[in-house]
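Going line by line, the protein sequences match chains A and B. Residue numbers for the first sequence follow the numbering used here, beginning at 26 and rising by one. Residue numbers for the second sequence follow the numbering used here, beginning at 1169 and rising by one. For every residue, glycine included, the Cβ atom is placed at its ideal position computed from N, Cα and C. Bear in mind that the values here come from a model prediction, so they are computed numbers and not experimental data. Let me begin by presenting the structure, written as structure tokens, before commenting on it.
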Amino acid sequence: MSLEPYNSTVREYFAQPDHAGIVENGAIGYFEDQGMRIRLSVEVAHDRLLRLRFQTWGCPHVIAACEAFCRQFEGRPVADLKQFKSAPIMRDLAVPVEKTGRILVLEDTVRSLGQAIQDQTFQN
Amino acid sequence: MSADKQLIYLDYAATTPLDARVAERMREVQDTAYFNPSSNHLAGRLSAQIVAHAATQLAALIKADAASILWTSGATESNNLAILGAAGQRQHRGKHLLTMRTEHKAVVDVFRTLEKRGFEVTWLDPDADGRLPPERLQAAIRDDTQLVSIMHINNETGVVQDIAGIGAICREHKVLFHVDGAQSVGKVSVDLSTLPVDLMSITAHKFYGPKGIGALYVANGVALEAQMFGGGQQRRLRPGTLPVDLIAGLGEAATIAAARYAGDLRHLSQLRQRLWDGIAEVAGIKLNGQEQGGYPGILNVSVDDIEGESLLLALEPLCVATGSACNSQSKEPSYVLRALGRSDKDAQSAIRFSMGRATSNDEIDVAIESYITAVAALRELAPGITA
């Protein structure tokens, strides 16, 4: 059993959250639960997630999970959002099982983001 | 953590480094007096003399009779023996016990065990500063109260209780008074020739002695029910072969502490003031504990809108303690800070800085800069986040 609470990926993403911030006038997904708050924002062009940003009040695993999501999905088709599952990210970041609920907040935020993109599309 | 980062240790309330003179004394005893002090031969008597000398050293530190010292493995065992032993010994007189909500787990969990065994425990609340108002204790004592247990210095906040005042009330009502002195003995003046204390828990590793050794002061005439069995050592109250080297180390640490605690306190007071002056302007910062009069080796602060576990990681390579403990065994916000009226979020963002003899101004300056930078960075990550 490792005594190190964070693997190297968590440490890297925590130290350099390149996707931290907000996309002005972008679609916004938001969810809070388990004491965690996550906001995702995105600029969409040609049905693609052109620029993804996150903000969060959360523990290092949540911050790293948000950064991992943004890195994985930036540039991909909007439709791919429906495929998002937190399990692979939890595995990559070695998230302790007792923090599962926190990472599921990210899943809910991604769903909220997908809905916001859809709403924005209809408005336009 | 990367190996190239230089640790800055600000967790002296958790443990202190071994003083070089203590290590030297222990090594000497390990080499020359490793014998069983209970053995009746010449070698055994040599070790027994070393144990007896260590008892006089510790007794000199706390101004007590060496015969009142009972060796244990540390404060946790001392607390167990004192509380379980006193409650068991006096239960025919009554089963009501008193303690505070802000005690260390090593006391809280013992009282929880006694509750399961049919004792009634009154959990006293502190005031907003963490102190126990004497009138609150006075009002809680009943005819069937047998024991009061209050810690001297709180391990999380550095709050110092009025041991003389509390002890006087206990004496007045003929109630036994146990003090968890884990954070006070060797660090501040403890004069048991004048303090009305019946039992006091002591541990060596909090004052530059070795881990795994402590003591229980048992005032003359106080009877305890044994909690361990298996030999006649130490008045049958704490059987087992005595670790002569550790005891010698504790004795040496006590002698060193007696000579220098006053100077240590001046050093710590200056460091604490420097640290507080450096971070007091951070928006939303709150001091947990006493503004004045607390133990100067500890500074505990909370800050608005910051997640404690992330703050702790962002502060690396500072080694400090957190109130959230997500990286320790507990997932709950500090119950001590909650008892002081702090919200879950405030308790969760709490950081305890604890300084020691080797802490320098330069380290405090790094701590100030790290704290300010970390709080700013985490706030940047979640600026006023709302839907």
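Proximal residues of chain B, C-beta to C-beta of residue i below 9 Å
i, result
"P113(A)", "None at all; the shortest Cβ gap to chain B is about 23 Å."
Residues bridged to residue i [DSSP beta-bridge criterion]
i, result
"Y1385(B)", "I1237(B) and M1368(B)"
"S1400(B)", "The amino acid occupying residue 1400(B) in the given sequence is Gly; Ser does not appear at that position. According to DSSP, G1400(B) bridges with nothing at all."
"N1468(B)", "R1520(B)"
"V1328(B)", "I1321(B)"
"K1160(B)", "Residue 1160(B) lies beyond the stretch modelled for chain B, which goes from 1169 to 1555, so this question has no answer here."
"W82(A)", "R62(A)"
"V1356(B)", "V1353(B)"
"W1291(B)", "T1267(B)"
"E68(A)", "R76(A)"
Minimum C-alpha distance to residue i - residue among the options
i, options, result
"G1524(B)", "A1235(B), Q1460(B) and R1440(B)", "R1440(B)"
"R1310(B)", "H1320(B), I1176(B), I1337(B) and R1404(B)", "I1337(B)"
"G1408(B)", "L1178(B), S1206(B) and A1191(B)", "S1206(B)"
"F1345(B)", "A1430(B), R1258(B), L1178(B) and G1431(B)", "R1258(B)"
"N1248(B)", "S1369(B), Q1329(B), P1485(B) and A1191(B)", "S1369(B)"
"D1514(B)", "A1250(B), H1341(B), S1522(B) and G1476(B)", "G1476(B)"
"V1289(B)", "L1300(B), V1276(B) and Q1438(B)", "V1276(B)"
"I142(A)", "K107(A), A112(A), P121(A) and P113(A)", "K107(A)"
"L1178(B)", "V1534(B), D1530(B) and C1487(B)", "C1487(B)"
"G1446(B)", "S1538(B), L1186(B), A1216(B) and H1272(B)", "S1538(B)"
"S1352(B)", "L1367(B), G1335(B), G1326(B) and L1414(B)", "G1326(B)"
"G1286(B)", "G1335(B), A1383(B), G1256(B) and D1297(B)", "G1256(B)"
"K1379(B)", "L1175(B), M1194(B) and Q1174(B)", "M1194(B)"
"S1528(B)", "S1437(B), F1203(B) and V1471(B)", "S1437(B)"
"R1213(B)", "D1512(B), A1425(B), S1470(B) and V1412(B)", "V1412(B)"
"L28(A)", "F109(A), E132(A), P121(A) and L129(A)", "P121(A)"
"Q1501(B)", "A1211(B), I1519(B) and V1390(B)", "This sequence places Pro at residue 1501(B); Gln is not what is there. The candidate whose alpha carbon is nearest that of P1501(B) is I1519(B)."
"H1272(B)", "M1319(B), G1457(B) and A1201(B)", "M1319(B)"
"R1339(B)", "I1251(B), V1469(B), N1322(B) and Q1314(B)", "Q1314(B)"
"V1114(B)", "H1341(B), A1308(B) and I1321(B)", "One cannot answer for residue 1114(B) here, as it falls past the ends of chain B, which runs 1169 to 1555."
"A1425(B)", "Q1225(B), Y1180(B), L1175(B) and T1200(B)", "Q1225(B)"
"R1547(B)", "G1509(B), A1482(B) and A1535(B)", "A1482(B)"
"D1297(B)", "A1220(B), G1457(B) and I1536(B)", "G1457(B)"
"L1384(B)", "D1187(B), I1176(B), A1250(B) and H1221(B)", "A1250(B)"
"A1196(B)", "S1511(B), V1450(B), N1468(B) and I1415(B)", "What sits at residue 1196(B) in the sequence shown is Glu, not Ala. Among S1511(B), V1450(B), N1468(B) and I1415(B), the Cα nearest to that of E1196(B) is on I1415(B)."
"H1435(B)", "V1450(B), A1451(B) and Y1463(B)", "Y1463(B)"
"I47(A)", "A40(A), A70(A), R78(A) and P30(A)", "R78(A)"
Residue i and residue j closer than 8 Å at C-beta
i, j, result
"S1236(B)", "A1387(B)", "yes"
"A1182(B)", "A1489(B)", "yes"
"E1324(B)", "L1505(B)", "yes"
"L1270(B)", "A1507(B)", "The sequence shown places Thr at residue 1270(B), rather than the Leu named in the question. In this structure, A1507(B) lies closer than 8 Å to T1270(B) by Cβ."
"A1542(B)", "L1479(B)", "yes"
"A1332(B)", "L1363(B)", "yes"
"R76(A)", "E99(A)", "yes"
"R116(A)", "M61(A)", "no"
"I1453(B)", "W1239(B)", "no"
"G1417(B)", "G1377(B)", "yes"
"V1328(B)", "G1461(B)", "yes"
"P102(A)", "D144(A)", "no"
"I1466(B)", "S1517(B)", "no"
"Y1429(B)", "V1356(B)", "yes"
"N32(A)", "L129(A)", "no"
"L1392(B)", "G1253(B)", "yes"
"A1545(B)", "Q80(A)", "no"
Per-residue contacts from residue i into chain A (C-beta, under 8 Å)
i, result
"S1478(B)", "F39, G83, C84, P85 and I88"
Under 7 Å from the C-beta of residue i: neighbouring residues of chain A
i, result
"E1475(B)", "W82, G83 and C84"
"L1483(B)", "Those do not exist, as L1483(B) stays about 12 Å from chain A at its closest Cβ, beyond 7 Å."
Closer than 8 Å at the beta carbon, the chain B residues around residue i
i, result
"A45(A)", "E1548 and L1549"
"R127(A)", "Those do not exist, as R127(A) stays about 10 Å from chain B at its closest Cβ, beyond 8 Å."
"R78(A)", "Those do not exist, as R78(A) stays about 11 Å from chain B at its closest Cβ, beyond 8 Å."
Within chain B, partners of residue i - CB distance below 7 Å
i, result
"P42(A)", "L1549"
"R116(A)", "Per Cβ cutoff of 7 Å: no residues; R116(A) is ~20 Å from chain B at best."
For this session: Would you check if the segment 1221-1233 of chain B and the segment 1279-1295 of chain B touch, i.e. whether three or more CB-CB distances between them fall below 8 Å?
Result: no
For this session: Determine contact between the segment 36-47 of chain A and the segment 73-89 of chain A, defined as no fewer than three beta-carbon pairs at a distance below 8 Å.
Result: yes
For this session: Determine, using beta-carbon pairs with one atom in the segment 50-59 of chain A and one in the segment 91-102 of chain A, whether at least three such pairs fall under 8 Å.
Result: no
Exercise. For the 8 Å Cβ check, are there 3 or more pairs between the segment 1236-1255 of chain B and the segment 1289-1308 of chain B?
Worked result: no
Exercise. Given 8 Å as the limit, is there contact between the segment 1393-1409 of chain B and the segment 1262-1277 of chain B, that is, 3 or more CB pairs closer than that?
Worked result: no
For this session: Would you be able to state if there are at least three C-beta pairs under 8 Å between the segment 45-53 of chain A and the segment 62-76 of chain A?
Result: yes
Exercise. For the segment 1373-1388 of chain B against the segment 1418-1435 of chain B, are there 3 or more C-beta pairs whose distance is under 8 Å?
Worked result: yes
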